[in-house]
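The structure appears right after this line, and notes come after that.
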Amino acid sequence: MHIAPDLQLPSLPEVTLRALDACHQDESYRKISEIVSADTALVARILALANSALYGPSTPIRSVDQALLRLGTRRFHTLVLTAALRQLLFELGGDEWQQLRDFWRHSLTTALTARALATLTRYPEPDEAFMLGMLHNIGELIAIKTPATEAKQHYLDHQSDIAAELVASWGLGPMASDAMRYQQALPSELRDAGHLVKLISLATRLALSDAAGIAAAGTVFGLNEELTREINRRIGHEVSGMAASLGIPLDENYCGESASRQLKQTILRQAMANQAINLADLTGETEDILAETVNSLTLITGLPALCFGHTGENLVLLSGTIGDIPDLAVTAKPGGSVLTEAFISGLPVSLGDRSPTVLDRQLLSLLHTPSILAVPVNNGGDCPGVFALGTDNEHLPTTLELADIFTAQLASVLADRVPAQTGAEASTESLDQEIARDRLRKQVHEVSNPLTIIRQYIYQLRGRLEDAGVQQELDVIRDELDRAGNLLLQMSHTDTVDQGDDGVELNAELESLARILEDSLFSSDSRSLRLSLCSEPTRVAAGPTRIRQIVINLVRNAAESLADDGGTVEIRTSSPVWQNHRTWVELEISDTGRGIPGEVRDALFSPVKTTKGEGHSGLGLSIVKQLVDDMEGIIACRTGQEGTTFRILLPAASHKKNETD
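The letter at position 30 of the sequence shown is residue 30 when you use the UniProt record's numbering, and the numbering goes up by one with no holes.
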């Protein structure tokens, strides 16, 4: 029986709700990935799209993290919303809800166990083991949504082959397909099997928490009983914690009807907001779009509304649904009113029981209502406008939810719009075009860093070809050119390790980079780059490509933050550093610049609207955070009026090789 690679499968509504909320709140890639990874149906959907022909012959995606990086959160939000809409088509009964909950628990337990075993046995891609653990019994999920008894039994009887067929159709390779196909092989048959096959087979047995699984751990990997039981105990605790955070009961009867109704309401509100926004004319300047959409906000809330745009230092009344609109401009600085408080804080503010200011009273008079709810439009780090809704406080939670969804979608429209494009043209753009644009934005940002340095430095190098250090500097330039070429070929995909990577000596890499950075970013006499490198070995468990990406991004940002009259950027290393029972190499990059603005600090490592002007995408720190996370490192920031310091802990190479837990 042939299985379509793009499956429509049921999810637990609690997981879908949490995923939608995470996207709506613009949470980090890591948080979104953690939620998505806990649901087999969502994992299948995201893998099918990320590995589809939309991306051409690109590197196969082997983890949810990689898939999210390729798709971007906005594309993924669309995917989750579409999947949620399809959930409404599944009519599950009492027994089927129970089966779906039990399926979820078993698949998540298997996936977590597979990842733990992968880490313990040195498999290089633990996230791949996790993903395959989530998918190993996907035939059972297909059976749950299949009404015909005969077909249902077929899926249950052929789970291994179904999973193998799907994994192969997603281009994940023969080893992943074999891990699915031979998951039920006897432990005695697995002693000399491929590593991934052994991981998935043992994980499926240990997920049952029986004596046979404990014995299989000894046969397959030589694990003793005490260690195996401890793994089971820790995984059980983790699954229980995940279930509790999502509101999924594990120790009692389960019915998803209540969560399904909540999901339906959430979807309807998002659909209402989206439909209402599309009724407005979304062409022209930002102020024109804001003024147009106030009618749409009243349409979905049933409440009178005013729209204020941010112009210079003022909030100016642009439009409303109250009849004649008076000329009204107020200062955008804090003044105690709900309007200015919402603008400054970036959060919705209700008048409630507090004493109204004069401006509050003016707005109440215009709206002819007993109370006001002010809702800002947050477009990255910018707030182009604020809506003031007339309310009675009785239905405030529902109004707040609708207004919040509406302004979030409006902010997305403002961020995506192209001024020269008409509304009709924008509405006909296909998903693959949007994905390609999002992917290209990330690639261009990363390519611009090395190419900018190379272009400026080659000119400096022409007169120095006889210098003793030229050969080493040319090697660095060659590597950076190779990296630029690779980035153009990649689809915003970051591999977890550099191929053939045995680690890199951080100090040596920094010394090579410093000579280029000095000539390109610190050529002015008023700006200086200082190296303070420790005398101890600084070999880190990472490849030179990733180290250069991190350093160039951070040093470039630091240089651009310096005042016009100059300043200093300092790079420091320290080794060895002992923290959290691990050995690290510490890298600090400090500047004497103006500090990071508050609106950027609030979403420091997320893609935001840049404060550096045209030509910058605001992606640099997001990329740095992703690279550090992928190397299992730690990054922290300290900033103030005296400057900014980024502190990064990178796993020491010697520690990484000897790590046992």
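Quick reminder that beta carbons are idealized off the backbone N, C-alpha and C, glycines included.
Practice item. Kindly give me the distance between the Cβ atoms of A276 and S296, rounded to whole angstroms, as I take these residues to be in contact under 8 Å. Key: 4 Å
Check your understanding: Between T660 and N580, what straight-line distance do the alpha-carbon atoms span, to the nearest angstrom?
Key -> Since pLDDT at T660 reaches only 41, below the 50 mark, its modelled position is unreliable, and the value read off the structure follows with that caveat. The straight-line gap from Cα to Cα measures roughly 15 Å.
Practice item. Using beta-carbon positions only, say whether L202 and A217 come within less than 8 Å of one another. Key: yes
Review point. Roughly how many angstroms separate the alpha carbons of V555 and L396, rounded to a whole number?
Key: 47 Å
Check your understanding: Within 7 Å: the Cβ of N295 and any heavy atom of the ligand NAD?
Key -> The ligand NAD is absent from the structure shown, which contains no ligands of any kind.
Practice item. Return the chain-ordered ranges of every alpha helix (DSSP H) run that is complete within the stretch 346-397 and spans a minimum of 4 residues. Key: 358-367
Check your understanding: Could you check where the beta strand (DSSP E) with G247 kicks off and where it finishes?
Key -> Neither: G247 is in no beta strand (DSSP E) and is coded neither H nor E.
Review point. If you draw a straight line from the alpha carbon of A176 to that of I596, how long is it in whole angstroms?
Key: 44 Å
**Study point:** Residues of its chain near W104, where Cβ-Cβ distance is below 6 Å and the 5 sequence neighbours each way are ignored
**Key:** L12
Review point. With C-beta atoms as the reference, is L186 less than 8 Å away from V220?
Key: no
Review point. Are the beta-carbon atoms of T110 and G133 separated by less than 8 Å?
Key: yes
Practice item. Please determine if the stretch 29-45 and the stretch 74-88 are in contact, where contact requires at least 3 C-beta pairs separated by less than 8 Å. Key: yes
**Study point:** Status (buried if at least 16 other CB within 10 Å, exposed otherwise) for D360
**Key:** buried
Exercise for review: Between the Cα of M131 and those of W170, I634, D157, W97, spot the shortest distance and give me the residue it belongs to.
Suggested key: W170
Review point. What first and last residue would you give for the beta strand (DSSP E) that runs through L318?
Key: 314-320
Point to revise | Beta-ladder partner(s) of D591, from DSSP | key: V569, T644
Exercise for review: Decide if K31 is buried, meaning its Cβ has at least 16 other Cβ atoms within 10 Å, or exposed.
Suggested key: exposed
Check your understanding: Would H237 be called buried (16 or more neighbouring beta carbons within 10 Å of its own) or exposed?
Key -> exposed
Exercise for review: Kindly identify the DSSP beta-bridge partner or partners of E287.
Suggested key: Per DSSP, none; premise fails for E287.
**Study point:** Outcome for N557 when other beta-carbon atoms lying within 10 angstroms are tallied against a minimum of 16
**Key:** buried
Practice item. Could you tell me which of R582, A603, I571, T583 sits nearest to D591, measuring between CA atoms? Key: I571
Check your understanding: Along the chain, where does the beta strand (DSSP E) that runs through C23 open and close?
Key -> C23 -> not in any beta strand (DSSP E); alpha helix (DSSP H) instead, spanning 13-24.
Exercise for review: Mark E230 as exposed unless 16 or more other C-beta atoms lie within 10 angstroms of its C-beta, in which case mark it buried.
Suggested key: exposed
Exercise for review: State the Cα-Cα distance for the pair Y96 and C255, rounded to the nearest angstrom.
Suggested key: Note that residue 96 corresponds to Glu in the displayed sequence, not to Tyr. Cα to Cα, E96 sits roughly 9 Å from C255.
Practice item. Answer yes or no: do L513 and L533 have a C-beta to C-beta separation smaller than 8 Å? Key: no
Check your understanding: Using the beta-carbon count (16 or more within 10 Å), is N51 buried or exposed?
Key -> buried
**Study point:** Cβ-based neighbour list, E292, same chain, cut-off 7 Å, excluding 5 preceding and 5 following
**Key:** A280, D281
Review point. In three-state DSSP terms, what is F308?
Key: strand
Review point. Using DSSP with H/G/I as helix, E/B as strand and the rest coil, what is Q8?
Key: coil
Exercise for review: Determine the contact status of N224 and Q409, defining contact as a CB-CB distance below 8 Å.
Suggested key: no
Review point. Which residues share a DSSP beta bridge with T639?
Key: T644
Point to revise | Coarse secondary structure for E536, derived from DSSP in three states | key: coil
Check your understanding: Identify the residues that DSSP records as bridge partners of E586: which are they?
Key -> S574, L649
Point to revise | Candidates C307, Q641, Q626, I300, of which the one nearest I289 by Cα | key: C307
Check your understanding: Of the choices V377, S345, R70, L339, whose alpha-carbon is the least far from that of L364?
Key -> L339
Review point. Is it true that the CB of A305 sits closer than 8 Å to the CB of L294?
Key: For the sequence presented, residue 294 should be read as Val rather than Leu. Yes, the Cβ-Cβ distance between V294 and A305 is below 8 Å.
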